[in-house]
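With my numbering as the guide, the letters of the sequence shown map in order to residues 58 to 131.
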Amino acid sequence: MTENIDLTNSDQYILTIRVSTDGFSFSFYHTVDKFFYHKTYKVDPSITITANLRNIFKENNFLDKKYKKVIALL
58 MTENIDLTNS DQYILTIRVS TDGFSFSFYH TVDKFFYHKT YKVDPSITIT ANLRNIFKEN
118 NFLDKKYKKV IALL
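Given below as structure tokens:
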């Protein structure tokens, strides 16, 4: 995921996480450069939501960053 976005200065980004029944959506907005990036993930209905999130976290390193602000929409 982060191959299209540079999170070196992640503290200048706002991360929005949207959780829905069919998937997850992660949006990044750079507050200085006014850059926007969006990525969606479909859930595997055979495993729990927590397990789906765990898989996303394992495959991506963007959640171990510090952000200016994080918004979670459920």
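Ideal placement from N, C-alpha and C gives every residue a C-beta, glycine not left out.
Residue i to residue j span [Cα, whole Å]
i    : j    : result
Y70  : A129 : 14 Å
L64  : N112 : 20 Å
E116 : N109 : 11 Å
V100 : V76  : 10 Å
F93  : I104 : 31 Å
Chain-order list of residues whose beta-carbon lies under 6 Å from that of residue i (same chain, five-residue window excluded)
i   : result
F81 : Y98
S84 : T73, H95
Residue of the options minimising C-alpha distance to residue i
i   : options               : result
T78 : Y124, V89, T107, N117 : T107
V89 : F83, H95, S67         : S67
Residues that DSSP places opposite residue i in a beta bridge
i   : result
L72 : F85, V127
F92 : H87
T97 : S82
S77 : G80
Close-in-space but distant-in-sequence residues of the same chain around residue i (CB under 7 Å, 5 per side omitted)
i    : result
H114 : Contrary to the premise, residue 114 reads as Phe rather than His in this sequence. If we look at F114 and ignore the five residues flanking it on each side, its Cβ neighbours are L120.
Y86  : Y70, I71, F93
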